[in-house]
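S.K.: So the mapping is simple: our numbering equals the position in the sequence shown, first residue as 1, plus 55. Got a structure here, written out as structure tokens. Questions coming.
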Amino acid sequence: MRPGTPDPGISALSAKKEAYLMQLSDDVILNLIASVCGTPRALEDGVDLIESGLMDSLARITLFEGLEDLGVELSPTQLSPDALRSARSILAAVREAL
């Protein structure tokens with residue numbers, strides 16, 4: 056392989072990771088949110104996760120760790136606090152990051 060030529064093995068791995076991330080189902084991410092918040096109520100429309108106390112600082116850390124375990128590279132500084140107010144807004148932010 057000539058210097059400066061991309062390694063085809065690395066390109067193939069990147070493509071596989073991208074395909075995996077795009078196939079992450081909404082259900083997997085929503086289940087992570089419910090688990091982190093400790094209740095399926097977190098998935099209900101109209102539930103403000105921050106106001107209700109379901110998305111506290113520990114839940115935020117656990118959420119980002121869970122996303123990382125799924126292969127989603129998203130840091131807390133990439134999300135505004137408003138993005139953490141509902142399961143749907145978190146899901147949208149994750150989808151946007153992919």
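The beta carbon of each residue, even a glycine, is placed where N, CA and C say it ideally should be. These numbers were taken from a predicted model, which means no experiment stands behind them.
1. Using the C-alpha atoms, what's the distance from serine 69 back to arginine 115?
2. Let me know the secondary structure DSSP gives glutamate 128 once reduced to three states.
3. Can you have a look at serine 141 and say buried or exposed, based on whether 16 or more other CB atoms are within 10 angstroms of its CB?
4. Should alanine 147 go down as buried or exposed, given a rule of 16 or more other Cβ atoms within 10 Å for buried?
5. Going by other Cβ atoms of all chains shown within 10 Å of its Cβ, with 16 needed for buried, is serine 109 buried or exposed?
6. Residue range of the alpha helix (DSSP H) that valine 91 falls in?
7. Do the CB positions of alanine 97 and leucine 87 come within less than 7 angstroms of each other?
8. Between cysteine 92 and glutamine 78, what straight-line distance do the alpha-carbon atoms span, to the nearest angstrom?
M.R.: Result, derived from the coordinates:
1. The sequence position of residue 115 within the sequence shown is 60, counting from 1. The sequence position of residue 69 within the sequence shown is 14, counting from 1. The straight-line gap separating the alpha-carbon atoms of arginine 115 and serine 69 is approximately 27 angstroms.
2. In the sequence shown, counting from the first residue as 1, residue 128 sits at position 73. In the three-state reduction of the DSSP assignment, glutamate 128 falls in the coil class.
3. Locating residue 141 in the sequence shown gives position 86, counting from the first residue. That one is buried.
4. Indexing the sequence shown from 1 puts residue 147 at position 92. Exposed is the label assigned to alanine 147, since fewer than 16 other Cβ atoms lie within 10 Å of its Cβ.
5. On the sequence shown, residue 109 is found 54 positions in, with the first residue counted as 1. Strictly speaking, residue 109 in this sequence is leucine, with serine absent from that position. Label assigned to leucine 109: buried.
6. Residue numbering aside, residue 91 sits at position 36 when the sequence shown is read from its first letter. Valine 91 -> alpha helix (DSSP H) spans 81-92.
7. As a working note, residue 97 is residue 42 in the sequence shown. As a working note, residue 87 is residue 32 in the sequence shown. For the pair alanine 97 and leucine 87, the CB atoms are not nearer than the 7 angstroms cut-off.
8. Counted from its first residue, the sequence shown places residue 92 at position 37. Counted from its first residue, the sequence shown places residue 78 at position 23. Rounded to the nearest angstrom, the gap between the Cα atoms of cysteine 92 and glutamine 78 is 24 angstroms.
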